[in-house]
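Residue numbers (the working numbering), protein chains in the order written: chain C, 1 to 188; chain P, 189 to 371. Don't be surprised by glycine CBs; every beta carbon is placed ideally from N, CA and C.
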Amino acid sequence: MSLGIYGSPNVGKTTLANRICVDLAGEPMGAVSPVPHETRTVHKKDKVTMKINGYTLSMSLLDMPGIAVKVDYRDFLEYGISKEEAQKRAREATRGVVEAVRHMDKVDAALFIIDATEDPYTQVNITILGNIEARSIPIIVVANKIDLPSANTRRVKEAFPGYDFVQVSAMTGENLDGLYKEIVSKLS
Amino acid sequence: MRCERIGFVFGDSLHKCVRCDRAAIIIQEINDGCPCGSKVFVFIRDDSTASPLEKEAENEKSNQVSVESPKLEFSLDANGKKDAVDASQEGANGKAAPPPEANAPQSIEPAASSPSAEPNGNGKAPSSYFARMTFTTEDVENIKIVTEGVFAVDVNALSKNPVVLKDEEGIYYVRLPFEQKKK
């Protein structure tokens, strides 16, 4: 089975994917960067195996490009990227958004990552969750960045009350076991 | 020369008859027609009154002419005879640059109709216009803003992708699909 990691740019999708891959497959998945849209193509890691409470779940993990409704090359300029490179990055990032949306028809389950320090009521969050649900794909909403003082997991949970919910810090690894248990119980 | 003929003007702008090149003196002439019988006038706008968009379009046009014309330029001598002048040779011979009048639209028109400048001649849109109108495999967007109020749509791509619009600056806007669960 394949598990897609979805969410807006810079919510910690690749950090979480790396943490899961290191824990369960022994090596990271992709590069992490403070620059938005660092992941611009779908990254896949096969043979990621979880063994929890006597259950074994083997799957392919897919780290999706961040989904956004506007990709502005000017956002990259502040990171010292040249205009030409920024425009190229914007094009690739937009292609990544399209690819991520199209992959919704290919994944068997989804982790939907939300930055717990940000307002969860966004057009992207609501639309993507709606699209995944419309395909009857099992979803776990993951509130990430709980290690940061401004994290508000309650707000995330209240925003999307109908979904299975886990709060983690992909950066520190806090409550990753809780996430693994939720994945296995949901998908096995 | 131009000032002597200006009658009905807005600043330095004027309406010229396309047949006899005479400037309209009163606005009634534009309604009734030129004394030569033609009813078609072309409005020649003073640069200072052109909108930024028009100026940009004009700059683009003149830039393309200047890129394409160095190989072969045409000028009219006193007898109206058309001479082909190799601009690069002229430069090499150290001749003085032509007076500003030589860069006026009258001298550009023959150059634009030369084979090297054909894509821009005869009122055709510049090639960059068509480049914006067409879609390649490199393009992510399925809608392009060609110019203000003019859009190009890649219908094939629209049928299987989210709507992606790219504006003139290269900023992308994505309309995510919104599917609702079937009950």
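Going by other Cβ atoms of all chains shown within 10 Å of its Cβ, with 16 needed for buried, is residue i buried or exposed?
i	result
M59 of chain C	buried
V230 of chain P	exposed
I146 of chain C	buried
I214 of chain P	exposed
L148 of chain C	exposed
R89 of chain C	buried
R154 of chain C	exposed
Which residues of chain C have a Cβ atom closer than 7 Å to the Cβ of residue i, listed in chain order?
i	result
G358 of chain P	Y73, Q87, A90
How long is the line joining the alpha carbons of residue i and residue j, rounded to whole angstroms?
i	j	result
N175 of chain C	F76 of chain C	32 Å
K70 of chain C	A31 of chain C	23 Å
E356 of chain P	T127 of chain C	27 Å
T39 of chain C	M171 of chain C	17 Å
P120 of chain C	N144 of chain C	11 Å
I52 of chain C	K186 of chain C	12 Å
L346 of chain P	V206 of chain P	44 Å
C227 of chain P	V343 of chain P	Per the sequence shown, the amino acid found at residue 227 of chain P is Lys instead of Cys. Each residue's alpha carbon lies about 41 Å from the other.
D105 of chain C	T41 of chain C	16 Å
D265 of chain P	E336 of chain P	Confidence at D265 of chain P is low in this model, with a pLDDT of 37, below 50, so its placement is unreliable and the value that follows should be read with caution. Those two C-alpha atoms are separated by around 41 Å.
G225 of chain P	I232 of chain P	20 Å
Y73 of chain C	E85 of chain C	9 Å
L180 of chain C	S169 of chain C	With the sequence shown as reference, residue 180 of chain C is identified as Tyr, and Leu is not the correct amino acid for it. Taking the straight line joining both Cα atoms gives about 13 Å.
A134 of chain C	P161 of chain C	17 Å
M321 of chain P	N349 of chain P	19 Å
E78 of chain C	H37 of chain C	14 Å
I132 of chain C	P9 of chain C	17 Å
G7 of chain C	S33 of chain C	16 Å
D115 of chain C	V334 of chain P	37 Å
V341 of chain P	K83 of chain C	26 Å
C21 of chain C	F323 of chain P	39 Å
R91 of chain C	N18 of chain C	25 Å
L24 of chain C	V48 of chain C	6 Å
G80 of chain C	K332 of chain P	28 Å
D46 of chain C	V338 of chain P	46 Å
G54 of chain C	Y163 of chain C	25 Å
V35 of chain C	V11 of chain C	12 Å
D209 of chain P	C222 of chain P	10 Å
V142 of chain C	L364 of chain P	21 Å
G173 of chain C	N152 of chain C	18 Å
S188 of chain C	Y360 of chain P	40 Å
A159 of chain C	F165 of chain C	11 Å
Who pairs with residue i in a beta bridge, going by DSSP?
i	result
C205 of chain P	P:F229
F165 of chain C	C:V141
V338 of chain P	P:T335
I114 of chain C	C:A143
D63 of chain C	C:I5, C:H43
E174 of chain C	C:S169
I206 of chain C	Because chain C spans 1 through 188 in this model, residue 206 of chain C falls outside it and cannot be assessed.
K186 of chain C	In DSSP, K186 of chain C forms no bridge with anything.
L353 of chain P	P:I331, P:Y361
V107 of chain C	Beta-bridge pairing links V107 of chain C to no other residue.
A134 of chain C	Its beta-bridge partners do not exist; DSSP assigns none.
V71 of chain C	P:Y360
A211 of chain P	P:K204
Please state if the CB of residue j and the CB of residue i are separated by a distance shorter than 8 Å.
i	j	result
N330 of chain P	V362 of chain P	no
I140 of chain C	L16 of chain C	no
M29 of chain C	T14 of chain C	yes
I183 of chain C	L57 of chain C	yes
V328 of chain P	V98 of chain C	yes
S150 of chain C	T117 of chain C	yes
I137 of chain C	V156 of chain C	no
E67 of chain C	A93 of chain C	The sequence as given places Ile at residue 67 of chain C; Glu does not occur at that position. Result no, Cβ atoms of I67 of chain C and A93 of chain C do not sit closer than 8 Å.
G26 of chain C	F366 of chain P	no
G358 of chain P	Q87 of chain C	yes
G4 of chain C	A110 of chain C	yes
A212 of chain P	I218 of chain P	yes
H103 of chain C	M50 of chain C	no
Please list, in chain order, the chain P residues whose beta carbon lies closer than 7 Å to that of residue i.
i	result
V98 of chain C	V328, N349, P350, V352
V101 of chain C	P350, L364, P365
Can you list the residues of chain P that residue i reaches, using a CB-CB cut of under 8 Å?
i	result
N131 of chain C	L364, P365, F366, E367
A68 of chain C	V362
Starting from the beta carbon of residue i, find every residue of chain P whose beta carbon is closer than 9 Å, and list them in chain order.
i	result
A116 of chain C	In chain order: nothing, as chain P lies at least about 22 Å away.
I128 of chain C	L364
A110 of chain C	Near A110 of chain C there are no residues of chain P at all, since even the closest Cβ is about 14 Å away, more than 9 Å.
Can you find a C-beta in chain B that's less than 8 Å from the C-beta of residue i?
i	result
T94 of chain C	Among the chains of the structure shown, chain B does not appear; the protein chains present are C and P.
Is residue i near the ligand PLP, in the sense that its beta carbon is under 7 Å from a heavy atom of that ligand?
i	result
D115 of chain C	This structure lacks the ligand PLP; in fact it carries no ligand of any kind.
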